[in-house]
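Asks: Chain order of the listed sequences is Z and S.
The working numbering numbers the first residue of the first sequence as 1 and each following residue consecutively.
The working numbering numbers the first residue of the second sequence as 493 and each following residue consecutively.
Quick reminder that beta carbons are idealized off the backbone N, C-alpha and C, glycines included.
For clarity, every value in this text was computed on a predicted model and none was experimentally measured.
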Amino acid sequence: MNYPFFESEVFQLTNAHWVALSPYLVLCVGIVLTTIAAGFKAKVCTHRSLVGVTFVATALAAIYGLGSEAINFFGTSLLINDMLRWTILAIVGIGFLAALFVDEEEHGEWSTLLLISTVGLCLLPGARDWVAFFVYLETLAIPGYVLAGLRLRRDGGFEASLKYLLMGAFASALLLMGMTLVYGVAGSFDYAVIRDVVGRDLFSTMLVAGALLIAISSAFKVALAPVHMWAADIYQSAPTGIAAFLAGAGKVAVFMAMLSAFSASGFFEIAVFSKLFMIIGAASVIVGNLLALSQKNLRRMLAYSSVASAGYVALTLPVGETAGTAILLYLVTYALGFLLCFACLEGLVRITGKPSTASLEISDLKQVDSKKAGLIVALFSLGIFSMAGIPPLPGFLGKYLMISDLWSAGHTAAAIWIITGSMLGLAYYLKIMVPLYLDSPSGNKTVSLRSSVKGPLASAGLALVLMFVWVWAFAYMAPSNSDMSTARVEAR
Amino acid sequence: MTALMLFLWPLLSGLALLCLIKAPLKVVQWTNLALHLVWGVFVWKAWTDFVPGQMGTVSFSWNWFPSLGSSLALGIDGLSLPLIVLNFILSFLLSFYSLGKEKLGATYLALFSILNSGSVGSLLALDALAFYVFWEFMLIPMYFLIGKWGSKNRVYAALKFFAFTMAGSLLMLLAIIALGTEYQTLSWNALRDAQIPYNGLGGFQGLVFLGFLVAFAVKIPVWPLHTWLPDAHTEAPTGASVILAGVLLKLGVYGIARWGLALFPLAAQDVATVMMTLGAIGVVLGSFAAWKQTDIKRMIAYSSVAHLGFMVLGLFAFQEEALQGAMFQNLAHGLSTGALFLIFGIIYDRTHTREISQYGGLASKNGLLATAFVFSAMASIGLPGLPGFIGEFLILSGTFFTNKTIALVSLSGVLLGAVYMLSMLRKVVFGPVGPTLESHEIKLTWNEWVSVVPLLVLMLILGMQPQFLFEKSKFAVEWIMSLMASGWGV
């Protein structure tokens, strides 16, 4: 018997290939194990630990590969390099912490879905052509729809998940349409070929239109301004851990994918595209911050604040891959801060006696006695201050680097815009502190840390530690292809 | 290593105090005192080891972000040393004051220590990013100190404080980023050696300087950016008021000297007249506003606006006496206003009212305390023999050479200072015993005396023998003046 296909170069895998692929293989093993566990109706803690172990193993596999050469798989379908490994590390780190406080007794499938979604997230930034991009995006999105709808019958979960699903389907259609237009002009899905076409000034309005459609559909995934409406509903109604995962890991992966895809396809070299993209970013900053200011519900407020933060990243994206390090650093510190806050909410809700975090209002925090629940309150405020970007917390450094990259690339207005947005942001972040600390507590509930609070607490504490570790590790070992110092010299 | 410990020790003490949150009050407060004593050893070592004659000597450096050209560089020189000592003295005396006060428990003292770490850190920092980190680091503990332990309107005051300062700081952040991208380094020494070329206020040096200036002007505060101060001062608890007046405002003056004048001398010369005019307006309007206040703490706060107006004059007159005077006045005002806030705080702890009209006859209730209060008020007015006089005299005589009109206008501030202080003293200390003092005993505990008396002694020493302080800061002042005179890159 002769199978020429399997003897072709594609399947001649060397040791280096296996090392590069190992994070994905580990995730797949985890998927199989959690499916079996779900079949046996395992308890939620079994699922939690399975997911946790899988994530730790994935992280170790990614760390093992750090420093090795970039490898292509299946032509342009997947490029595994150090930047992708760092992104994988960030995604599984956030996933691990989020899984610690997923409190989903009814549906065991959440663990499998979470892992499948993670595979998509880890693949997406490695795509080097638009077909792969689309396939990976759907891999992460489809389990995401189900995860977002786990609480279908409460907290407005039905409305939220339906909105998410319909808008997501619409976004996918836009993506396909955009890809078609781009293919029509360039004759290829390959990023490099498209960049060539852009570079030779052969592009037409059709290509620009295609690029914009792609941008809008990816903007949907990260909740940028005109297509952000789903974010508040989903972040409010999905189970707390899942919401933190979708918001945190989802944004890291999709933004990093947008960065590599848009710059590798040369979209940012199209002046109109860059301008419009920055307008989207600027609009998100304003819309997110203003809407967050007017929110009473805590999770909705945090959701809108994350729209604003996505705006900061979108403003920085057109700088291109030189800003990659800054963007990844910011995304991860923000995601960890966001996750820290959500984990603390899960603990705080038990003190206030509300049924779930979805209905937790800012004024409810008045019932929290900051003396008795000192640890959780302190962690919560550190998370908030980190997101607000106040030094010496890690959130500051990410913002600093992004502004710095914008400045050296000559985007002064965008830099000032981010600073103005941060000022606005302070107003609502401080609004949380008022009932938490400054009003005297009105409730006289005694706080007993039930075992169920310990998961969120551990997750929050770990998130804080990881934030600092990430900043140091990343600042010293950042991949060289986007080394900040060289980038700056070129810009000058 | 001393430099590192100077800011690290308060930070560690803060964390240690947080761990004692469940311990008995007495243990916490005495631990705080003991931790301050150790900190004092480091301050003492810094004071005795100090040799004037060099600026910006880096005594500790950790290359934390090589890619940004930034390192945690710390150093002590003639500009920062007196303020570090002042910060320690005030904080140390306040830890005596807090003994036995039930409300001032572990969280309060821990926040205080963390605040100290931020303020001393920004005095030590010789790197723009490190400076910014410390500068912002002060905001969070202060926000909570005002917002949690303050009086009735505290939340509003805390928010206003935070919003004003943060808005100013973000402009400074922008300036720092611009410097970093342009010069690849954020070290104070390297930036100074780079001799940033100057082409008008709209040019690079000009804009960057303005970014720094706004942040410092908010902190000082320079009229018309001063509106946060009366609220913050009035609502803050006694300890926070003292540190706010004694250290935080001074950091604005210090910041202009180190990060403004030394790095951007030419831009500073271009805004000098404007800044001096604003300073003079602050002196006059602040004095009039203080005169009209019915709330004692508010009155002292407005008097701070006026006094800090003098310091702005001293900074931008570009005369050696004036700058020396501003640096001296920094300390003098820290001691005298700190003492006023502290003494009034002690009275307020018993009476719980700030209305001037409710007081009267303090002298007949507690003669010693009344003497201390009058003494501090006199120091604040600038009575010869007390430090306020030396500072204001030097500033005004320097300003007179530069701009006679402004000097004459601000001279009225000295007179107005006497008017509002004396009329307040008449209503509070003398005359018949007022309604509140009738119903409350004013008897001080030993630890409250321990917190007040050293301030008075220091004021007397500083007023009679200012020379030992001038020796420490003389070189720094001369150095800045020579820098201003050299005028690079026109």
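1. Going along the chain, which residues of its own chain have a beta-carbon closer than 6 Å to the beta-carbon of Ile838 of chain S, five neighbours each way excluded?
2. Whose C-alpha, out of S:Ser563, S:Val706 and S:Gly692, is nearest the C-alpha of Met664 of chain S?
3. For Ala415 of chain Z, which residues in chain S fall below 8 Å Cβ to Cβ?
4. Helix, strand or coil for Ser902 of chain S per DSSP?
5. State the Cα-Cα distance for the pair Ser943 of chain S and Gln785 of chain S, rounded to the nearest angstrom.
6. Closer than 8 Å, CB to CB, is Met634 of chain S near chain Z or not?
7. Could you check what DSSP says for Phe885 of chain S in three-state terms: helix, strand or coil?
8. In chain order, what residues of the same chain lie with their CB nearer than 7 Å to the CB of Ala358 of chain Z, ignoring the 5 residues before and after it?
9. Looking only at its own chain, which residues have a Cβ that is under 6 Å from the Cβ of Cys344 of chain Z, when we skip the five neighbours before and after it?
10. Pick out whichever of S:Gly926, S:Ala809 and S:Ser902 has its Cα sitting closest to the Cα of Thr845 of chain S.
11. Would you identify the three-state DSSP class for Trp554 of chain S, choosing helix, strand or coil?
12. DSSP has Leu564 of chain S in a bridge; who is on the other side?
13. Name the one or two DSSP bridge partners that Leu494 of chain Z has.
14. Do you know offhand how far Pro574 of chain S's Cα is from Leu832 of chain S's?
15. Tell me which same chain residues have a C-beta within less than 6 Å of the C-beta of Ser263 of chain Z, skipping the five on either side of it?
16. Please check the pair Gly771 of chain S and Val714 of chain S, which I expect to be a contact at CB under 8 Å, by giving their CB distance rounded to whole angstroms.
17. What first and last residue would you give for the alpha helix (DSSP H) that runs through Pro355 of chain Z?
18. Quick check on Glu594 of chain S: does DSSP put it in helix, strand or coil?
19. Closer than 8 Å, CB to CB, is Ser274 of chain Z near chain S or not?
20. When you compare the region 788-798 of chain S with the region 747-767 of chain S, are there three or more beta-carbon pairs, one atom per stretch, that lie closer than 8 Å?
21. Among Z:Ala373, Z:Val32, Z:Leu213 and Z:Thr316, which one has its Cα closest to the Cα of Ile116 of chain Z?
22. Just to check my reading of the structure: Phe101 of chain Z and Thr240 of chain Z have Cβ atoms closer than 8 Å, yes? What is that Cβ distance to the nearest angstrom?
23. Do Gly248 of chain Z and Val285 of chain Z have their beta-carbon atoms positioned less than 8 Å apart in this structure?
24. Pro226 of chain Z lies in the alpha helix (DSSP H); which residues open and close that run?
25. What three-state label does DSSP hand Ser294 of chain Z in the structure shown?
26. Does DSSP classify Ala617 of chain S as helix, strand or coil?
27. Answer yes or no: do Trp697 of chain S and Ala759 of chain S have a C-beta to C-beta separation smaller than 8 Å?
28. Closest to Gly923 of chain S by C-alpha separation, out of S:Gly660, S:Ser889, S:Phe626 and S:Gln850, would be which residue?
29. So is Arg492 of chain Z buried or exposed if we call it buried at 16+ other beta carbons inside 10 Å?
30. Between which two residues does the alpha helix (DSSP H) carrying Leu360 of chain Z extend?
31. In this structure, does DSSP put Ser679 of chain S in helix, strand or coil?
32. Does any CB atom of chain Z fall closer than 8 Å to the CB of Gly639 of chain S?
33. In chain C, what lies closer than 7 Å to Ile432 of chain Z by C-beta?
34. Under a Cβ-count criterion, where at least 16 other Cβ atoms within 10 Å of its own Cβ denotes burial, should Ala271 of chain Z be classed as buried or exposed?
35. Between Gly52 of chain Z and Ala526 of chain S, what straight-line distance do the alpha-carbon atoms span, to the nearest angstrom?
36. Are the region 591-603 of chain S and the region 505-521 of chain S touching by the rule of at least three beta carbon pairs closer than 8 Å?
Replies: Reading from the atomic positions:
1. Glu940
2. S:Val706
3. Leu666 and Ile669
4. helix
5. 27 Å
6. no
7. helix
8. Asp155, Gln236, Ser237 and Arg299
9. Ile376, Leu379, Phe380 and Ala460
10. S:Gly926
11. strand
12. S:Trp554
13. The displayed coordinates of chain Z run from 1 to 492. Any statement about residue 494 of chain Z would go beyond what the structure contains.
14. 20 Å
15. Gly320 and Glu321
16. 7 Å
17. Premise fails: Pro355 of chain Z is in no alpha helix (DSSP H) and is neither H nor E.
18. coil
19. no
20. no
21. Z:Val32
22. 6 Å
23. no
24. No alpha helix (DSSP H) holds Pro226 of chain Z; DSSP gives it neither H nor E.
25. coil
26. strand
27. The amino acid occupying residue 697 of chain S in the given sequence is Gln; Trp does not appear at that position. In contact: Gln697 of chain S and Ala759 of chain S (Cβ atoms closer than 8 Å).
28. S:Gln850
29. Unreliable positioning characterises Arg492 of chain Z in this predicted model, as indicated by a pLDDT of 29, which lies under 50. The coordinate reading is nonetheless provided below. Exposed, because fewer than 16 other Cβ atoms sit within 10 Å of the Cβ of Arg492 of chain Z.
30. Here Leu360 of chain Z belongs to no alpha helix (DSSP H), and DSSP marks it neither H nor E.
31. strand
32. yes
33. Absent from the structure is chain C; the protein chains it does hold are Z and S.
34. exposed
35. 45 Å
36. yes
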